[in-house]
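Scroll down for the structure; my scribbles are underneath it.
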Amino acid sequence: WNNLSYAVATRKTADAPEGKKTILDNVSGRCAPGELTAIMGPSGSGKTTLVDLLADRISSGEVTGDIELNGEARVAKTFRAVTSYVAQEDSLLGSFTVLETMRMAAKLSLPNSVTSKQIEARVDDVVEAMGLATCRHTLVGDIFRKGLSGGQKRRLSIAIELLSNPSILILDEPTSGLDSSATHNVMKFIVKLCAEGKTIVCTIHQPSSLVYDMFTNVVVLSAGQTVYCGPRRLMIPHFASTGYDCPTYMNPAEYFISLVNTDFEDHADVPKLVQSYAQSEIRKELSNRIESDRKTLQHLPDIEQPSPSALRQFGVLMYRNTLNNIRNPGIYWIRLF
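In terms of UniProt numbering, the sequence shown has 17 at position 17, counting the first letter as 1, and numbering is strictly consecutive.
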């Protein structure tokens with residue numbers, strides 16, 4: 001993405017006239033296969049908006065700048081064919097087991113040309129890869145029944161999106177609500193996916209130092225502006241050159257996010273940090289790589305992700321809804337009373 005900006009219209013109120021609010025202001029970045037990129041920043045910095053734009057999930061507002069795939073302007077249908085998105089909240093039905101959830105997800109996403117035998121093989125492969133083999137017959141669970149742990153649910157959400165074998169994976173807060181152990185386990189599996197050659201981008205809020213060290217690249221946002229975008233290993237030296245040296249025994253992610261959090265008085269001079277990054281060698285290298293991609297990367301042919309027929313989708317949804325109602329008889333009582 002290059003010089004990307006996003007703004008929304010604001011309504012007239014008693015305190016302010018009608019106008020426009022800038023959410024992202026001229027941000028740029030680059031992700032490559034086999035690299036894990038973290039988008040960090042305090043609340044309200046524009047992290048989720050950026051990943052939603054990259055995932056082509058925003059249709060309103062004013063967007064300017066470029067989002068490119070293989071050095072060319074992104075084509076929506078091609079991009080969606082090679083990309084999967086994992087939302088911050090798990091959307092799972094607690095009355096189904098891991099295998100049932102995966103099988104139904106596969107039937108709703110893979111084309112009719114994929115046989116039942118191939119679906120079973122694909123489901124087994126992904127379940128094994130995400131470390132869910134030991135709980136394949138366990139219910140997902142909900143507030144009324146025990147089931148998977150928070151970390152296992154997160155891995156199941158990611159596993160569902162891996163059924164189509166995407167080249168690009170975008171995750172919004174994949175470790176939200178997890179304890180440190182579950183967070184570390186989820187991130188280990190994400191790093192494993194990166195090692196297979198996938199391009200992975202995720203937002204994350206104050207990772208531990210152990211998790212921070214897993215990232216290849218880091219993007220730090222503050223009030224919609226880029227404070228840093230580059231290799232994780234160069235982040236500490238870059239901030240040190242601007243006068244903000246990370247204390248020896250402090251988590252770098254925590255230190256830098258607190259620096260750019262404008263909600264509190266002890267934050268750094270953010271405009272100065274934005275300008276320092278814009279004039280840095282790291283930013284120049286990013287521009288050079290974006291330009292090089294445009295000249296050297298191969299053209300990506302127009303492709304479209306084949307989908308199952310409407311009849312098959314209807315059948316799977318009817319089966320899922322009926323089975324869910326049978327396993328949750330309380331649903332009928334709620335409707336009656």
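The beta carbon of each residue, even a glycine, is placed where N, CA and C say it ideally should be.
Quick caveat, the model's predicted, so the values are computed rather than measured.
Query, Result
"Touching by the beta-carbon criterion (3+ pairs, under 8 Å), the stretch 186 to 202 and the stretch 234 to 250", "no"
"Supposed contact pair Asp172 and Thr48 - C-beta distance, whole angstroms, cut 8 Å", "6 Å"
"Residue interval of the alpha helix (DSSP H) (run including Leu156)", "Gly150 to Leu162"
"Own chain residues within Cβ distance below 7 Å of Thr64, not counting five before or after", "Ser5"
"Spatially closest choice to Glu254 from Phe144, Thr138, Cys135 and Ser209, by CA coordinates", "Ser209"
"With 16 other Cβ atoms within 10 Å as the buried cut-off, status of Gln225", "buried"
"Thr216 versus Val227, Ala223 and Cys194, residue with shortest Cα-Cα distance", "Cys194"
"Cβ distance (whole Å) where Met214 is taken to contact Ala159 below 8 Å", "In fact, because the Cβ distance is near 19 Å, the residues do not count as touching under 8 Å."
"Buried versus exposed call for Lys192 [16 or more other C-beta atoms within 10 Å across all chains shown]", "exposed"
"Contact check, Leu148 vs Leu162, beta carbons under 9 Å", "no"
"For Ser222, the residue or residues it bridges with in DSSP", "Gln225"
"Thr22 - partner residues in DSSP beta bridges", "Ala7"
"Gly230 and Arg312 closer than 9 Å at C-beta", "no"
"Backbone CA spacing between residue 339 and Met235 [nearest angstrom]", "The structure shown does not extend to residue 339, since the chain spans only 1 to 337, so no value can be given for it."
"Touch test, the stretch 302 to 319 against the stretch 103 to 115, Cβ-Cβ under 8 Å, three pairs minimum", "yes"
"Residue closest to Lys20, alpha-carbon to alpha-carbon, out of Ala9, Thr13 and Arg233", "Ala9"
"Ile303 (DSSP reduced to helix, strand or coil)", "coil"
"Segment contact flag, the stretch 289 to 300 with the stretch 71 to 85, C-beta cutoff 8 Å, min 3 pairs", "yes"
"is_contact[Ser60, chain C] using C-beta, thresh 9 Å", "Absent from the structure is chain C; it holds one protein chain and no more."
"Length-filtered (3 minimum) beta strand (DSSP E) runs lying within the stretch 168 to 255", "168 to 172, 199 to 203, 217 to 222 and 225 to 231"
"Identity of the residues DSSP links to Ile326 by a beta bridge", "According to DSSP, which records beta bridges pairwise, Ile326 is partnered with nothing at all."
"Best match in Leu169, Arg154 and Glu196 for proximity to His184 [C-alpha to C-alpha]", "Arg154"
"Start and end residues, alpha helix (DSSP H) containing Ala105", "Val98 to Ser109"
"Boundaries (first-last residue) of the beta strand (DSSP E) holding Val126", "It is not in any beta strand (DSSP E) - Val126 instead sits in the alpha helix (DSSP H) that spans Ser116 to Ala129."
"Sufficient close CB pairs (3 or more, under 8 Å) joining the stretch 270 to 279 to the stretch 50 to 63", "no"
"Among Gly46, Ser95, Glu35 and Gln152, the one whose alpha carbon lies nearest that of Asn324", "Ser95"
"6 Å Cβ shell around Thr83 - same chain, five flanking residues per side excluded", "Pro166 and Ile168"
"Cβ pair Asp66, Leu156 closer than 9 Å", "no"
"Among Ser109, Thr37, Glu62 and Cys31, nearest to Glu68 - alpha-carbon criterion", "Cys31"
"When Leu36, Ser45, Leu92 and Gly131 are compared against Asp142, the one with the closest alpha-carbon", "Leu92"
"Heavy atom of the ligand HEM within 8 Å of Glu18 beta-carbon", "Of the ligands one can find in the structure shown there are none, so the ligand HEM has no counterpart to examine."
"Top-ranked residue by Cα proximity to Ser180, from Glu196, Phe256 and His205", "His205"
"Alpha helix (DSSP H) segment containing Ser287, residue limits", "Glu281 to Thr296"
"Enclosing beta strand (DSSP E) for Thr83 [first to last residue]", "Thr83 to Val86"
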